[in-house]
Amino acid sequence: MLVFYLAALDSDDDKNKFEYIYRKYYRFMLHTAAGIIKNPTLAEDAVHETFVQLLRGIDTLRIDNERALKSYLYMVTRERSIDFLRKWERRRGAQPDYESLAAALDNYAEPEEVALTNLQLDKAIALLDEMPLIYRQTLVLRVKGYSIREIAKITDSSESNVKTRIHRARAMLLKSFGEQAE
1 MLVFYLAALD SDDDKNKFEY IYRKYYRFML HTAAGIIKNP TLAEDAVHET FVQLLRGIDT
61 LRIDNERALK SYLYMVTRER SIDFLRKWER RRGAQPDYES LAAALDNYAE PEEVALTNLQ
121 LDKAIALLDE MPLIYRQTLV LRVKGYSIRE IAKITDSSES NVKTRIHRAR AMLLKSFGEQ
181 AE
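So for the sequence shown, the UniProt record's numbering puts the first residue at 1; every next one is plus one.
Structure follows, in structure tokens:
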């Protein structure tokens, strides 16, 4: 589907712009979508739909700054993933596939490490899934290295709200890890 849209681009400049964005940010966007959707296949579909949406408006994309581009791509991917997840859950009514996500992350580890990592990953995923979406998104952005100001801009919140969400998300995780350890 992307090839069809790429062939329809008018200028070489648009093609170069799209190819640059695709090569540089595909993994970032896939990771973002997988964090929301929790199913690698569906996350990939959501990212592809995001790129189709980007292709439709590539000629009007006027972002000069790499950081602004990354924030823009994050917001578009996040919104598209949430929409995609809602549609998918309505149609399927099924739970996300965590096992294939964990398997994809564990390709190069030793068996003992895989078992321990799987256990920790399952525990962390379960705890994150219990967390409200706004806290999970805010915490993930902070872990990815975004500043409080950038997170506030991305989530359309005040900086104090972002700080509060990060604090509460950490407290939820610590409390949950403590309860599960007992």
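In this text, a Cβ means the ideal position worked out from N, Cα and C, and glycines have one as well.
Extent of the continuous alpha helix (DSSP H) run through residue i
| i | result |
| --- | --- |
| residue 146 | Neither: residue 146 is in no alpha helix (DSSP H) and is coded neither H nor E. |
| residue 41 | 40–56 |
Nearest-angstrom Cα separation, counted from residue j out to residue i
| i | j | result |
| --- | --- | --- |
| residue 94 | residue 129 | For residue 94, the predicted model reports a pLDDT of 48, less than 50, meaning its position is unreliable and no value from the coordinates is stated. |
| residue 166 | residue 56 | 35 Å |
| residue 171 | residue 87 | 31 Å |
| residue 41 | residue 134 | 23 Å |
| residue 183 | residue 43 | With the chain represented from 1 up to 182, any question about residue 183 goes unanswered, as that position is not in the structure. |
| residue 54 | residue 164 | 33 Å |
| residue 122 | residue 68 | 33 Å |
| residue 5 | residue 66 | Any reading at residue 5 needs caution, since the residue's pLDDT is 37, under 50, leaving its predicted position unreliable; the model's value is listed next. Cα-Cα distance, rounded: 24 Å. |
| residue 52 | residue 174 | 40 Å |
| residue 96 | residue 34 | Note that residue 96 scores 49 on pLDDT, short of 50, meaning its location in the model is unreliable; the coordinates nonetheless yield the value given after this. Each residue's alpha carbon lies about 10 Å from the other. |
Residue environment, residue i, which counts as buried when at least 16 other CB atoms sit within 10 Å
| i | result |
| --- | --- |
| residue 85 | buried |
| residue 63 | exposed |
| residue 146 | buried |
| residue 142 | buried |
| residue 124 | exposed |
| residue 16 | exposed |
| residue 178 | exposed |
Cβ-Cβ distance between residue i and residue j below 7 Å
| i | j | result |
| --- | --- | --- |
| residue 80 | residue 46 | yes |
| residue 162 | residue 151 | yes |
| residue 29 | residue 73 | yes |
| residue 77 | residue 50 | yes |
| residue 176 | residue 119 | no |
| residue 71 | residue 154 | yes |
beta-carbon residue i near the ligand HEM non-hydrogen atom, thresh 6 Å
| i | result |
| --- | --- |
| residue 45 | Absence of the ligand HEM is noted for the structure shown, with no ligands found whatsoever. |
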